[in-house]
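For the sequence shown, my numbering begins at 399 and goes up steadily by one.
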Amino acid sequence: MSYSLRIVILLMIACIIGGVVTGQSYYYRLSYLWIFIIIISWVISRMTLMGLTIKRTPRALRSQVGQIFEERFEIINSHFFPRIWIEVRDDSTLPGIKPSHILTLIRGHENRSFIVRTRLLERGVFSLGETELLSGDFFGIFSVKMKFPITNHLLVYPMMVQINSFPSPAGWLAGGEALRRRTHQITPNAVGVRDYIHGDPLNRIHWLSTARRNRFIVKEYELDPMAEVWIFLDANRNNQCGSKGELPKLDIREMWKPSVSIPLPASTEEYGVCIAASLARYYLKNGRVVGFVSGGKNFWVLPSDRGARQMGKILETLALVRTDGDHPLQTIIDTQVQNIAKGSTIVLISPSSEGKLALLVVSLMQRGMHPIVILLDRQSFGGENTDYESEENFILPANIPVIRIKNGD
399 MSYSLRIVIL
409 LMIACIIGGV
419 VTGQSYYYRL
429 SYLWIFIIII
439 SWVISRMTLM
449 GLTIKRTPRA
459 LRSQVGQIFE
469 ERFEIINSHF
479 FPRIWIEVRD
489 DSTLPGIKPS
499 HILTLIRGHE
509 NRSFIVRTRL
519 LERGVFSLGE
529 TELLSGDFFG
539 IFSVKMKFPI
549 TNHLLVYPMM
559 VQINSFPSPA
569 GWLAGGEALR
579 RRTHQITPNA
589 VGVRDYIHGD
599 PLNRIHWLST
609 ARRNRFIVKE
619 YELDPMAEVW
629 IFLDANRNNQ
639 CGSKGELPKL
649 DIREMWKPSV
659 SIPLPASTEE
669 YGVCIAASLA
679 RYYLKNGRVV
689 GFVSGGKNFW
699 VLPSDRGARQ
709 MGKILETLAL
719 VRTDGDHPLQ
729 TIIDTQVQNI
739 AKGSTIVLIS
749 PSSEGKLALL
759 VVSLMQRGMH
769 PIVILLDRQS
779 FGGENTDYES
789 EENFILPANI
799 PVIRIKNGD
């Protein structure tokens, strides 16, 4: 029961008591007035949301941490009855400020719209809804609400940083064992021809064979088995540290500036994901074939490929990756390395404090791989003091690149 309704009921009771005590008729007339107001207010409140629908139109359903997500809300009044006021509440799971929006004096058969902008601060998948409409009578005695279900989901990619140079060991010379894996990308390995299929790009047509057979013939390609890059992200929860659930804090005055820099949360999980995404973009832009592996509760394995399509797959995966697994990085690599060609580059991203990365690097070198180690300094993220220098001193003499990343780098 609303506060306004309590006041009206108390006034009505007071008028009835006054009429009984004094016998004056105008007390009864006032009580009838309060009863009439309650009935009319209840009827009007039931009608305020009749014929109302809401339409949410996001500008895009995929975005990235740091960008501004824009969504258009449209209130459609399909009834002739005008609406004095309508409050729109957004109950989506998207983190950030979600203020309600109030629309006044919506005429019959009129549409009203507004735009909501949200600075994206966290990666993942978020529902756009539920949406709740609230309204009531003129006096605020009765309030009504109507909920509209979830209609879309927003996928937020992780943050990436620009990398201008990074170790990129060359693969072995040609002559090794081919993987015999067809690809839609154009690579140096043309392995045969086949008949043209509707949708094949024109730059794959083999014109000599086309002229000889008097029909369109296209070339087939295989992935280069000696130029692969595999990124392994350590998702063992026992190695992680930092406040991964804490969102970055921004000054409200800088929240909507297009060039504002969003800081990464101080957690090894977010730093590892950001590094993996940035390195994948760097290698793919340089024409390398990239695969990705991570072993949380959900085991993620993306077969190696190249091009913008592979970048999209990696970003989609990294948006969902959580460091909540129990498998050591050594176990994950042992299960996957048998499917990786010799001469491939293996990028290890780990905050491991077990002192086993050096042995893991030696094992990869013995199998003919080119490892690169990225150490996330646990102490800078609030973890215990870890002796990374001894590991670095063991790895560096073997000409293995080792990069140590601290909180704030």
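For each residue, glycine too, the CB sits at the ideal point set by N, CA and C.
Work out the CA separation of residue j and residue i for me, nearest whole Å.
{"i": "residue 669", "j": "residue 774", "result": "8 angstroms"}
{"i": "residue 472", "j": "residue 454", "result": "6 angstroms"}
{"i": "residue 560", "j": "residue 638", "result": "25 angstroms"}
{"i": "residue 772", "j": "residue 722", "result": "20 angstroms"}
{"i": "residue 760", "j": "residue 626", "result": "19 angstroms"}
{"i": "residue 497", "j": "residue 746", "result": "42 angstroms"}
{"i": "residue 481", "j": "residue 442", "result": "10 angstroms"}
{"i": "residue 660", "j": "residue 562", "result": "20 angstroms"}
{"i": "residue 873", "j": "residue 518", "result": "No statement about residue 873 is possible, as the shown extent of the chain runs from 399 to 807 and does not include it."}
{"i": "residue 420", "j": "residue 427", "result": "14 angstroms"}
{"i": "residue 425", "j": "residue 417", "result": "5 angstroms"}
{"i": "residue 681", "j": "residue 711", "result": "14 angstroms"}
{"i": "residue 534", "j": "residue 499", "result": "15 angstroms"}
{"i": "residue 697", "j": "residue 737", "result": "16 angstroms"}
{"i": "residue 606", "j": "residue 619", "result": "17 angstroms"}
{"i": "residue 783", "j": "residue 807", "result": "18 angstroms"}
{"i": "residue 492", "j": "residue 641", "result": "19 angstroms"}
{"i": "residue 483", "j": "residue 404", "result": "22 angstroms"}
{"i": "residue 507", "j": "residue 444", "result": "18 angstroms"}
{"i": "residue 686", "j": "residue 704", "result": "6 angstroms"}
Can you list, in chain order, the residues of its chain whose CB lies under 7 angstroms from that of residue i, leaving out five sequence neighbours each side?
{"i": "residue 410", "result": "429, 432 and 433"}
{"i": "residue 406", "result": "432, 435, 436 and 539"}
{"i": "residue 510", "result": "473, 501 and 504"}
{"i": "residue 818", "result": "No answer is possible for residue 818: the residues shown for the chain start at 399 and end at 807."}
{"i": "residue 708", "result": "682 and 688"}
{"i": "residue 446", "result": "481, 533, 534 and 542"}
Any idea what DSSP makes of residue i, helix, strand or coil?
{"i": "residue 658", "result": "coil"}
{"i": "residue 447", "result": "coil"}
{"i": "residue 543", "result": "strand"}
{"i": "residue 733", "result": "helix"}
{"i": "residue 617", "result": "strand"}
{"i": "residue 442", "result": "helix"}
{"i": "residue 669", "result": "helix"}
{"i": "residue 453", "result": "strand"}
{"i": "residue 407", "result": "helix"}
{"i": "residue 387", "result": "This structure cannot settle anything about residue 387, because the visible part of the chain is limited to 399 through 807."}
{"i": "residue 760", "result": "helix"}
{"i": "residue 549", "result": "coil"}
{"i": "residue 636", "result": "helix"}
{"i": "residue 728", "result": "helix"}
{"i": "residue 491", "result": "coil"}
{"i": "residue 748", "result": "strand"}
{"i": "residue 506", "result": "coil"}
{"i": "residue 430", "result": "helix"}
{"i": "residue 519", "result": "coil"}
{"i": "residue 798", "result": "coil"}
{"i": "residue 575", "result": "Reliability of the predicted coordinates at residue 575 is poor, the pLDDT of 46 falling under 50, and the value obtained from them is presented with this limitation in mind. Coil, per DSSP."}
{"i": "residue 437", "result": "helix"}
{"i": "residue 702", "result": "strand"}
Based on the DSSP secondary-structure assignment, which residues constitute the bridge partners of residue i?
{"i": "residue 372", "result": "The first residue shown for the chain is 399 and the last is 807, placing residue 372 beyond what the model contains."}
{"i": "residue 605", "result": "Per DSSP, none; premise fails for residue 605."}
{"i": "residue 418", "result": "Residue 418 is not bridged to any residue."}
{"i": "residue 723", "result": "634"}
{"i": "residue 470", "result": "455 and 513"}
{"i": "residue 486", "result": "499 and 531"}
{"i": "residue 462", "result": "555"}
{"i": "residue 524", "result": "552"}
{"i": "residue 687", "result": "626"}
Near residue i, which residues of its chain fall below 6 angstroms by C-beta distance, leaving aside the five closest residues on each side in sequence?
{"i": "residue 734", "result": "691"}
{"i": "residue 748", "result": "632 and 727"}
{"i": "residue 573", "result": "With a pLDDT of only 44 at residue 573, under the threshold of 50, the placement of this residue in the model should not be trusted; the figure read from the coordinates follows. Hits under 6 angstroms: none found."}
{"i": "residue 778", "result": "804 and 805"}
{"i": "residue 706", "result": "none"}
{"i": "residue 758", "result": "728"}
{"i": "residue 523", "result": "551 and 553"}
{"i": "residue 693", "result": "633, 723, 725 and 730"}
{"i": "residue 801", "result": "772"}
{"i": "residue 635", "result": "721 and 722"}
Excluding the five sequence neighbours on either side, which residues of its own chain have a C-beta within less than 8 angstroms of the C-beta of residue i, listed in chain order?
{"i": "residue 684", "result": "566"}
{"i": "residue 558", "result": "462, 672, 675, 676 and 679"}
{"i": "residue 449", "result": "475, 476, 477 and 479"}
{"i": "residue 457", "result": "467, 468, 469 and 470"}
{"i": "residue 402", "result": "537, 538 and 539"}
{"i": "residue 452", "result": "471, 472, 473, 474, 486, 529, 531 and 546"}
### Message
Count Cβ pairs between the region 498-514 and the region 541-561 that sit closer than 8 angstroms; are there 3 or more?
### Response
no
### Message
Taking contact to mean 3 or more Cβ pairs, one atom from each stretch, closer than 8 angstroms, check whether the region 712-726 and the region 599-611 are in contact.
### Response
No contact exists between the region 712-726 and the region 599-611.
### Message
Within 8 angstroms, do at least three Cβ pairs link the region 631-640 to the region 722-739?
### Response
The way I'd put it, the region 722-739 does touch the region 631-640; three or more beta-carbon pairs between them come closer than 8 angstroms.
### Message
Three or more C-beta pairs under 8 angstroms: does that hold for the region 548-568 against the region 456-463?
### Response
yes
### Query
Counting pairs of beta carbons, one from the region 663-679 and one from the region 754-768, are three or more of them closer than 8 angstroms?
no
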